[in-house]
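Asker:
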Amino acid sequence: MKQTAILGAGVMGETLLSGLVRAGRRVDKLLVGEKREVRARELEDRYGVAVVGNVEAAQKADTLALVVKPQDMGALLEEIAPHLRPGQLVVSLAAGITTAFIESRVPEGVAVVRVMPNTPALVDEGMAAIAPGSHCDEKHLAEAESLLSSTGKVMRIPERQMDAVTAISGSGPAYIFYVVESMIESGVHLGLPRATATELVVQTLVGSGRMLQETGTHPTVLREQVTSPAGTTAAAVRELEKHGVRAAFLSAMEAARDRSRELAEGS
Ligand SMILES: NC(=O)c1ccc[n+]([C@@H]2O[C@H](COP(=O)([O-])OP(=O)(O)OC[C@H]3O[C@@H](n4cnc5c(N)ncnc54)[C@H](OP(=O)(O)O)[C@@H]3O)[C@@H](O)[C@H]2O)c1
0 MKQTAILGAG VMGETLLSGL VRAGRRVDKL LVGEKREVRA RELEDRYGVA VVGNVEAAQK
60 ADTLALVVKP QDMGALLEEI APHLRPGQLV VSLAAGITTA FIESRVPEGV AVVRVMPNTP
120 ALVDEGMAAI APGSHCDEKH LAEAESLLSS TGKVMRIPER QMDAVTAISG SGPAYIFYVV
180 ESMIESGVHL GLPRATATEL VVQTLVGSGR MLQETGTHPT VLREQVTSPA GTTAAAVREL
240 EKHGVRAAFL SAMEAARDRS RELAEGS
């Protein structure tokens, strides 16, 4: 089995590490690059994984998952690039960092895959999109897929779709939480205790999500099933339309896509 290193063990890095361990990856085939001593001990105690310097990880690993903040990516690549060799795979989870940015900083022949994960990966229900760089073959994509599938679903996309994917599934959990917050607040305004409103909304969300996933039925059909003529749901949906909620979603996601583009250009 090949050696995999995770460089940058913050929130997302630890999520990936714990997913891989739970998915049955051998801990002796995993390495973590972490500079803070306290954090290194914590990860060693929690997962039994070896924590090493970035250079040692770059020398030993076949696959390197880079999970640092976008603004730290340049410095990390500068540190590890002299120790990389053709045939290795670099998987980047940093938002807005293009495969071209990484390829221009690593030796020729190092394969690069770019990933847009999302936070439900924390509960193994993530949605990760992966895009190949220019020296990537099927074997590299399959390896990236196998890494990310430890924390949820994985979809292959061309890199030109990455900004749209960032706007939809990368930022997506935030929109859902925003809707949940709004519905809970509404429940409170209607006189429900906050705990009651919260439980009602969260289970409604989970149940609706499972219906979408398990029935495969189009959301419009599912919505129509709840909307009887001149009934309560119809009255609510009319207000949502009147306030332009559908149009607001489109504008919001266009704004997220444009911001993702700007950040990528800035890198
Ligand atoms: N789509 C999404 O929802 C989503 C969600 C989460 C993350 N992400 C992506 O995942 C990446 C990580 O985000 P995060 O939330 O996990 O950030 P984070 O919690 O700040 O984790 C980044 C970690 O990298 C460490 N680090 C920084 N420079 C390093 C270096 N040169 N070598 C080794 N470690 C280094 C940091 O250590 P120090 O704290 O000591 O600097 C920190 O522990 C980001 O690029 C982000 O775009 C995407």
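Heads up, the sequence shown is in numbering that gives the first Met the number 0, so the first residue is 0 and it goes up one at a time. Quick reminder that beta carbons are idealized off the backbone N, C-alpha and C, glycines included. From a predicted model like this one, the values you see are computed outputs, not experimental measurements.
With DSSP run on the structure shown, which of helix, strand or coil describes ALA130?
Answerer: Here ALA130 sits in strand by DSSP.
Asker: Following the continuous beta strand (DSSP E) through ARG40, name the residue where it begins and the one where it ends.
Answerer: Looking at the DSSP string, ARG40 is not in any beta strand (DSSP E); the run it does join, the alpha helix (DSSP H), is 36 to 46.
Asker: Per DSSP, ALA173 is paired with what?
Answerer: Partner(s): none; ALA173 has no beta bridge.
Asker: Counting along the chain, where does the alpha helix (DSSP H) carrying THR98 start and finish?
Answerer: Element bounds for THR98: 98 to 102.
Asker: If we count the other Cβ atoms within 10 Å of its Cβ and call it buried at 16 or more, is ASP162 buried or exposed?
Answerer: With 16 or more Cβ atoms within 10 Å of its Cβ, ASP162 is classed as buried.
Asker: If we call anything under 8 Å between Cβ atoms a contact, is THR219 one with THR14?
Answerer: The answer is no: Cβ separation not under 8 Å.
Asker: Expressed to the nearest angstrom, what Euclidean distance is found between the alpha-carbon atoms of GLY230 and VAL178?
Answerer: GLY230 and VAL178: Cα-Cα distance of roughly 22 Å.
Asker: Look at the alpha carbon of ARG35 and the alpha carbon of GLY9, and state the distance between them as a whole number of angstroms.
Answerer: When rounded, the distance between both Cα atoms is 11 Å.
Asker: Taking the straight line between their C-alpha atoms, what separation do you get for GLU77 and SER103?
Answerer: The alpha-carbon atoms of GLU77 and SER103 are separated by roughly 11 Å.
Asker: Tell me, to the nearest whole angstrom, how far the beta carbon of VAL66 is from that of GLY23; I am working on the premise that it is less than 8 Å.
Answerer: Contact flag wrong, Cβ pair sits at about 21 Å.
Asker: Does the structure place the stretch 77 to 87 close enough to the stretch 102 to 116 that three or more beta carbon pairs sit under 8 Å?
Answerer: Contact between the stretch 102 to 116 and the stretch 77 to 87 is present, because at least three Cβ pairs lie under 8 Å.
Asker: Which residue's Cα is closest to the Cα of LEU262: GLN224, VAL187, ALA93 and VAL201?
Answerer: Comparing Cα positions, the closest option is ALA93.
Asker: Start and end of the beta strand (DSSP E) containing SER91?
Answerer: Element bounds for SER91: 88 to 91.
Asker: Just reading off the beta strand (DSSP E) that ILE5 is part of, what are its end residues?
Answerer: Start and end: 3 to 6.
Asker: Can the beta-carbon of ARG155 be found closer than 8 Å to that of LEU140?
Answerer: It is a contact, given that the beta carbons lie within the stated cut-off.
Asker: For THR62, name the three-state secondary structure that DSSP assigns.
Answerer: It is a strand residue.
Asker: So, helix, strand or coil for VAL153, using DSSP?
Answerer: Strand, per DSSP.
Asker: Compute the distance between the beta-carbons of ALA196 and ILE175, then report whether it is under 8 Å.
Answerer: No, Cβ-Cβ distance for ALA196 and ILE175 is not below 8 Å.
Asker: Should VAL10 be counted as a contact of ligand 1 given a C-beta to heavy atom distance under 7 Å?
Answerer: Answer for VAL10: yes, Cβ within range of ligand 1.
Asker: Which residue wins for smallest C-alpha separation from VAL90, given the options GLY18, THR216 and ALA143?
Answerer: Out of GLY18, THR216 and ALA143, ALA143 has the C-alpha closest to the C-alpha of VAL90.
Asker: With DSSP collapsed to three states, give me the class of VAL114.
Answerer: DSSP places VAL114 in strand when its eight states are reduced to three.
Asker: Give the range of the alpha helix (DSSP H) segment to which LEU146 is assigned.
Answerer: Run containing LEU146: 137 to 147, per the alpha helix (DSSP H) assignment.
Asker: Per DSSP, which residues does GLY125 bridge with? Please list them.
Answerer: Answer is GLY151, bridged to GLY125.
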